[in-house]
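Residue numbers (this note's numbering), protein chains in the order written: chain A, 57 to 355; chain B, 57 to 355. Idealized CB from N, CA, C, for every residue including glycine. A quick write-up on the structure given underneath.
2 protein chains.
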Amino acid sequence: MSKPFSIGVDLGGTNLRVAVVSREGEIVKRITVSSTGNVIDSLTAAIERLFSDKINGIGLAVAGLTDGTKILSAPNLPILNEIDLVGILQGRFNTPVYMGNDASMAALGESVSGAGKDLNTFVMLTLGTGIGGGVVYNRKLLNIAGELGHVIVEPGGKLCGCGGKGCLEAYASARAMTMVAMEAIELKRETMMAKDSGGEITPANIYKYALQGDPLAIEIFKTAGFYLGIGIANYINIFGPDAIILMGGLIGAWDIYVRKAIKTAAASAFKYLFAKAEIIPSTLGGDAGIIGAAELTYC
Amino acid sequence: MSKPFSIGVDLGGTNLRVAVVSREGEIVKRITVSSTGNVIDSLTAAIERLFSDKINGIGLAVAGLTDGTKILSAPNLPILNEIDLVGILQGRFNTPVYMGNDASMAALGESVSGAGKDLNTFVMLTLGTGIGGGVVYNRKLLNIAGELGHVIVEPGGKLCGCGGKGCLEAYASARAMTMVAMEAIELKRETMMAKDSGGEITPANIYKYALQGDPLAIEIFKTAGFYLGIGIANYINIFGPDAIILMGGLIGAWDIYVRKAIKTAAASAFKYLFAKAEIIPSTLGGDAGIIGAAELTYC
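Laid out in structure tokens, this is it:
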């Protein structure tokens, strides 16, 4: 019989976040530790403090590719590429340990106790520096090897970090928007953003100037929003979901960026399928990944 | 315990095709009946001739939207929109009756005894007048409500029959290519195809002239192939499949159309995911749907 709590770990951020999560997807207790220094020791010590005989297992959310037990590529925490973290923790705590991609874990978390709680099928997109995503299909996580941030939104378009061309991430991510702004400033385009050009162009300040009416800043968010809408229309046409759930820093720019995306998706998607899909924000935010990772021990 | 044979019915073509299919996905006996006249009577009589106590059930492949028991929309056989075919057959033969979309059934068929037999995950595309598709994921049919022919390949592009814009079907289907050829002939563009312009523009004769070097005919297939490649790249990036399986009349034009698609997908898709995906033809062709429908009785 399964035990009532699990430990969820989010290895995706600048800090390691470890929490005790109930079967119902509520965080009961949490610890945050630095990801500098000896990551394995810090992580093990944090889990040690939270572990008890009521713990069903440990779930890990990693930024990068994973096959469920091994990390295939973890760009932001390269030490994890070389060690058998699942094996180490299983040996140390004598409990099952599972691993999943952080965007997929966020989708799973939303389905347990977030915006997807009452939905059968949804696509979740994490909109930040990069773009990730996960699909919950008939209430189960589709553990697809695919990369939702790399749906193609502009045929033959910009070269993407993945080696492909025209990907969503190359047009609608924070990184993409920041690059467009910096290029425009370099080309001396007129914009209030030039005031902040001492290397401090962030989506937050592009948005600030957009709200103040700066035409370039507005154009950047609208263009990114247009491509986000094409990506969303693709997910709607392919999966026929009940909802698209959006999370990540960029949804703070909902009024320009996401509104433009919704308008574009409405014009581009299969009408019948668009009509049944809501486009809504995450309710768990940064906790979605940790809750999803914990849920892995019950899947 | 399940019985060793099923009856598969393909309601998608100009004729109704009914067959006895073994558990291993081999067609043992088949009957073809006209879809004009009383479809229900013809279908029931055909099944009657093939039915025995070794039959595990009946599976129906329909062109159109279905929820598994009812047809939601069957554009080419509208009589089916109004009757409870599953109920009628269940009552008549006292055996389980299932229903699926024909492109999904074709994908299932290829996974039982066709090009997908040894593959865990693949996307199947049926390339004909329209474009349909199905996904087999971890050896199971993903019965998604989505419409693979409506992946968006040109943002803000041509209006599609689905009400959306820029869909694959609006660029890479037989209907799309024929329309482009007819418009070009109307505009008096120089082409050998003008000779056949008495309403007889078909993909087969566009291809014939392409092979003879007609620049317009070649351009039509290459443009369609380019967009097919963008669609394929999207499926590769989203599902991370082992293969893309192609079937339908248009794959007769493999050397121009599919080669261009493969080249485009190679340049556009996530490199890592493209490298593990083969792009291959169906081996069951027109029988895939009937074999997949029969398999439904074992799923």
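With which residues is residue 178 of chain A paired in a DSSP beta bridge?
-> A:192, A:299
Evaluate the contact criterion for the stretch 203-217 of chain A versus the stretch 276-287 of chain B: three or more CB pairs, one atom per stretch, below 8 angstroms.
-> yes
CA-to-CA distance, residue 114 of chain A to residue 399 of chain A, given in whole angstroms | The first residue shown for chain A is 57 and the last is 355, placing residue 399 of chain A beyond what the model contains.
Check: residue 167 of chain B C-beta below 8 angstroms from any heavy atom of the ligand GDP = For the ligand GDP, the structure offers nothing, since it holds no ligand at all.
Close beta carbons around residue 127 of chain B, own chain, < 8 angstroms, minus the five adjacent residues each side | 118, 120, 121, 136, 137, 141, 155
Since residue 193 of chain B meets chain A, which of its residues come closer than 8 angstroms, beta carbon to beta carbon?
-> 198, 200
Between the stretch 234-253 of chain B and the stretch 216-223 of chain B, do three or more beta carbon pairs fall short of 8 angstroms?
-> no
Residues, ordered as in the chain, of the stretch 292-323 of chain A that lie near chain B by beta-carbon distance below 7 angstroms | 293, 294, 295, 296, 323
Could you check what DSSP says for residue 145 of chain B in three-state terms: helix, strand or coil?
-> helix
To which residues of the same chain is residue 364 of chain A closer than 7 angstroms at the C-beta, ignoring the five residues directly before and after it?
-> Limits of chain A in this structure are 57 at one end and 355 at the other, which puts residue 364 of chain A out of reach.
Burial state of residue 129 of chain A, where buried means 16 or more other Cβ atoms lie within 10 Å | exposed
Report all residues from its chain with a CB closer than 7 angstroms to the CB of residue 160 of chain B; omit the five preceding and five following residues, and keep chain order.
-> 190, 197, 199
Touching or not, the stretch 159-178 of chain B and the stretch 337-353 of chain B, by the rule of three or more beta carbon pairs under 8 angstroms?
-> yes
Can you name, in chain order, every residue of its own chain whose Cβ lies under 6 angstroms from the Cβ of residue 163 of chain A, other than the five neighbours on each side?
-> 180, 190, 192
Residue range of the alpha helix (DSSP H) that residue 315 of chain A falls in?
-> 315-324
Nearest chain B C-beta to residue 327 of chain A closer than 9 angstroms, yes or no?
-> yes
For residue 68 of chain A, collect the residues of the same chain with a Cβ closer than 7 angstroms to its Cβ; drop the 5 residues on either side in sequence, then sort them by chain order.
-> 117, 118, 119, 158, 345
Is DSSP giving residue 60 of chain A helix, strand or coil here?
-> coil
If we ignore side chains and look at the alpha-carbon of each, how far apart do residue 296 of chain A and residue 206 of chain B end up?
-> 11 angstroms
Grab the span of the alpha helix (DSSP H) containing residue 242 of chain A for me, first residue to last.
-> 230-242
Decide if residue 202 of chain B is buried, meaning its Cβ has at least 16 other Cβ atoms within 10 Å, or exposed.
-> buried
Would you say residue 386 of chain B reaches chain A, if we count a Cβ-Cβ gap shorter than 9 angstroms as a contact?
-> This structure leaves residue 386 of chain B out entirely; chain B is present only between 57 and 355.
Where residue 126 of chain B falls: helix, strand or coil (DSSP) | coil
Between the stretch 215-234 of chain B and chain A, which residues of the former have a C-beta closer than 7 angstroms to a C-beta of the latter?
-> 218, 219, 220, 221, 222
Does the distance from the C-beta atom of residue 273 of chain B to that of residue 249 of chain B stay below 9 angstroms?
-> yes
Residue 323 of chain A vs residue 221 of chain B beta-carbon contact at 9 angstroms | yes
Less than 9 angstroms separating the beta-carbons of residue 75 of chain A and residue 84 of chain A?
-> yes
Assign residue 223 of chain B to one of two classes, buried (16 or more other C-beta atoms within 10 Å of its C-beta) or exposed (fewer than that).
-> buried
Residues bridged to residue 78 of chain B (per DSSP) | B:61
For residue 281 of chain B, which residues of its own chain have a beta-carbon under 6 angstroms away from its beta-carbon, when the five flanking residues on both sides are left out?
-> 313, 316, 317
Along chain B, which residues have their Cβ under 7 angstroms away from the Cβ of residue 290 of chain A?
-> 207, 208, 290
With a threshold of 16 other CB atoms inside 10 Å of the CB of residue 125 of chain B, please say whether the residue is buried or exposed.
-> exposed
Nearest-angstrom Cα separation, counted from residue 293 of chain A out to residue 330 of chain A = 8 angstroms
Of the residues A:71, A:81, A:278, A:247, which one's Cα is nearest the Cα of residue 171 of chain A?
-> A:81
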